[in-house]
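Enquirer: Shown below is the structure under consideration.
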Amino acid sequence: MLNRKDYISDQEVKWCQGCGDFNVLKTMQSVLAKMDKTKHNTVFVSGIGCSSRFPYYMDTYGFHTIHGRAPTIATGIKSVNPELDVWVVTGDGDALSIGGNHFIHAIRRNQDIKILLFNNEIYGLTKGQYSPTSSQGCVSKSTPEGSIDYPLRPLTIAAAANASFIARTSDNDPKHMAAIFEAAANHKGCAVIEILQNCVIFNDKVHEPYNGPKQRKENLLYLEDKQPMLYGTEMALKLSGLTPEVTHSSDKSVLVHEVNSSNTSLAYMLANLSYPQHPVPVGIFHQTQRETYDQLLDKQQSKLKLKKTQLMRLLEQNSYVL
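Written as structure tokens, this is what we have:
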């Protein structure tokens, strides 16, 4: 049996003191040890950014690739060796800006890879420019007067691309994060996990109003399958037509969560909720099973091999003609 220390590499961890990435790293190491995953069968693939240093600090196989292309490299690795456990580590800038198309197409293929998207709403490695997920009004080195862009919500993209596993967790809640990582590891198909992560230098406490230790009880909606969507002291969510509304927990029309819904409509709606108008959902938004890219590729290759065999037999039977 392995323990967390077995997954710690000999590389010095070069993140800023207090960075949320440390908790993610420790949690992942603990989860892999708990699940008794073999180090030689595990691969971490990253692009460019602070989070993309992750493979250096895991004593597994890993690739530190190029900006936005980690899902592409991961697709190739998994296609060549479907037995590997392949994880993609990316950030909001890496995945949703230059890597946007690669992110979308990895999801729609439903290849059996797991995508960890660290969302700190800023470009940290390049010293504090606003990112695709930065809120309107964000003052940064590239938006000194405040950003006028509408922010992207990563999990809405995952839902629109029909991801088979969609979840969100937070870097300051290791227990919850571990449960989400374990569920993703056991899922067969593409899993997308948004991690609310803190950049202590350039966007400190960006998620604090809703995920801080003193705020999370009132402002986070912990999703549980088949359970009503309750949060805070006596608050809940309901639907008014297709519009989510805050209501009292005693309301008989409180929305009930369906993890295994036949489509991603509910997940899309949940991914669009934002503080302070609504609670911020965390947990598994959606999970369903369908054939993976790897399974479909194997079927296709098996058919081609059969055709080739049949053709060779036909040629052998008629070789006298030559």
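Residue 236 in the UniProt record's numbering sits at position 236 of the sequence shown; the count goes up by one each step and never skips. All C-beta atoms, glycine included, are put in the ideal place defined by N, C-alpha and C.
When the Cα of residue 272 is compared with those of 157, 47, 29 and 306, which residue comes out closest?
Expert: On the sequence shown, position 272 is the one that residue 272 refers to. Residue 157 is the option with its Cα nearest to residue 272.
Enquirer: How many whole angstroms separate the CB atoms of residue 56 and residue 42, which I take to be in contact at a CB cut-off of 8 angstroms?
Expert: Along the sequence shown, one-based indexing puts residue 56 at 56. Along the sequence shown, one-based indexing puts residue 42 at 42. At roughly 14 angstroms, the Cβ-Cβ gap does not stay under 8 angstroms, so residue 56 and residue 42 are not in contact.
Enquirer: Quick one: measure Cβ to Cβ for residue 180 and residue 117, integer angstroms, because I've assumed they're closer than 8 angstroms.
Expert: Your numbering for residue 180 matches position 180 in the sequence shown. Your numbering for residue 117 matches position 117 in the sequence shown. So it is not a contact: roughly 12 angstroms between Cβ atoms.
Enquirer: Sort 146, 280 and 296 by Cα distance to residue 210 and report the nearest one.
Expert: Locating residue 210 in the sequence shown gives position 210, counting from the first residue. Closest option to residue 210, Cα to Cα, is 280.
Enquirer: Use the C-beta contact count for residue 203: other C-beta atoms within 10 angstroms, 16 or more gives buried, fewer gives exposed.
Expert: To locate residue 203, count along the sequence shown from 1; it is residue 203. Buried is the call here.
Enquirer: Can you tell me which of the three DSSP states residue 31 falls into?
Expert: Translated into the one-based positions of the sequence shown, residue 31 becomes position 31. Of the three classes helix, strand and coil, the one that applies to residue 31 here is helix, per DSSP.
Enquirer: Please say whether residue 134 and residue 145 have beta carbons closer to each other than 7 angstroms?
Expert: As a working note, residue 145 is residue 145 in the sequence shown. As a working note, residue 134 is residue 134 in the sequence shown. No; because the gap between Cβ atoms is not below 7 angstroms, this pair is not in contact.
Enquirer: Compute the beta-carbon to beta-carbon distance between residue 109 and residue 282, rounded to the nearest angstrom, for a pair I have assumed lies under 8 angstroms.
Expert: Taking the first residue of the sequence shown as position 1, residue 109 is located at position 109. Taking the first residue of the sequence shown as position 1, residue 282 is located at position 282. The pair is not a contact, with the Cβ atoms about 26 angstroms apart (cut-off 8 angstroms).
Enquirer: Select from 255, 22, 251 and 68 the residue whose C-alpha is nearest the C-alpha of residue 243.
Expert: Walking along the sequence shown from the start, residue 243 turns up at place 243. Out of 255, 22, 251 and 68, 255 has the C-alpha closest to the C-alpha of residue 243.
Enquirer: Between residue 334 and residue 162, what straight-line distance do the alpha-carbon atoms span, to the nearest angstrom?
Expert: Residue 334 lies beyond the residue range present for the chain, which begins at 1 and ends at 322; the question has no answer from this structure.
Enquirer: Taking the beta carbon of residue 53 as the centre, do at least 16 other beta carbons fall within 10 Å, making it buried, or is it exposed?
Expert: For the purposes of this step, residue 53 is identified with residue 53 of the sequence shown, where counting begins at 1. Flag for residue 53 reads buried.
Enquirer: What do you get for residue 40, buried or exposed, if any count of 16 or more other CB atoms within 10 angstroms of its CB means buried?
Expert: Translated into positions along the sequence shown, residue 40 becomes position 40. Per the 10 Å Cβ criterion, exposed.
Enquirer: Please list, in chain order, all residues of the same chain as residue 200 whose beta carbon is under 7 angstroms from its beta carbon, the five residues on each side excluded.
Expert: For the purposes of this step, residue 200 is taken as residue 200 along the sequence shown, with counting starting at 1. The answer, listed in chain order, is 16, 18 and 19.
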